[in-house]
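Worksheet for the structure shown next.
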Amino acid sequence: MRCGQNDVPRRTPNRPREDCSHASSARRQRLVLQSRTRDEQDFRTVYAFSEVPRPQADLDLANWFTSTKPGARFTGPPILALPLPDGGRVTLEGRRLRRMIGGVRPDRHERTLSDATEFAEVLSTEFGLDLDREFTDLVWSATAEG
């Protein structure tokens with residue numbers, strides 16, 4: 002992470018892996034969170050924050066747009082991510098389950114779920130989400146393969 006005047010990257014305590022850094026800096030009176038996954042990469046802006054007041058109507062419109070626009074990240078397949086105590090992460094994106102085991106050289110396991118039963122099982126065992134089976138079946142059927 003980097004922050005303030007020195008702008009020197011430093012490790013974040015919740016991500017001890019050597020290949021991940023975050024940075025933030027004040028630019029044009031806004032706070033910017035930047036990230037890179039490898040030391041040789043340039044930092045990429047992930048979020049920008051500002052203390053400039055915004056009318057509630059602008060926020061409502063932005064939230065509505067990102068939650069309804071066809072093709073937007075939040076209107077497609079379900080996306081779940083859970084950080085693990087070892088610094089890894091388990092991610093479910095649509096029907097694809099990925100598990101990253103933390104460490105200096107992360108180990109990655111990936112597989113495609115085969116049916117609605119397995120989907121409901123993964124939601125429960127990996128993410129602690131015990132949802133109504135009718136609901137998980139509906140989400141499964143609406144989730145395109147890929």
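In this text, residue positions in the sequence shown follow this note's numbering: the first is 2, and each later residue adds one. Idealized CB from N, CA, C, for every residue including glycine.
Rounded to the nearest angstrom, the gap between the Cα atoms of Q35 and E41 is 14 Å. Of the residues T144, D43, A121, the one whose Cα lies closest to the Cα of R134 is A121. Per the DSSP secondary-structure output, A82 pairs in a beta bridge with T92.
Around the beta carbon of R96, 16 or more other beta carbons sit within 10 angstroms, so the residue counts as buried. Residue state for L98 is assigned as strand, using DSSP reduced to three classes.
Contact between P79 and L93 holds: CB atoms are separated by about 7 Å, below the 8 Å threshold. The Cβ neighbour count for T137, taken over all protein chains shown within 10 Å, is at least 16; the residue is labelled buried. Collapsing the DSSP output to three states places E127 in a helix. Shortest Cα-Cα distance from L98 to any of T113, L132, Y48 involves T113.
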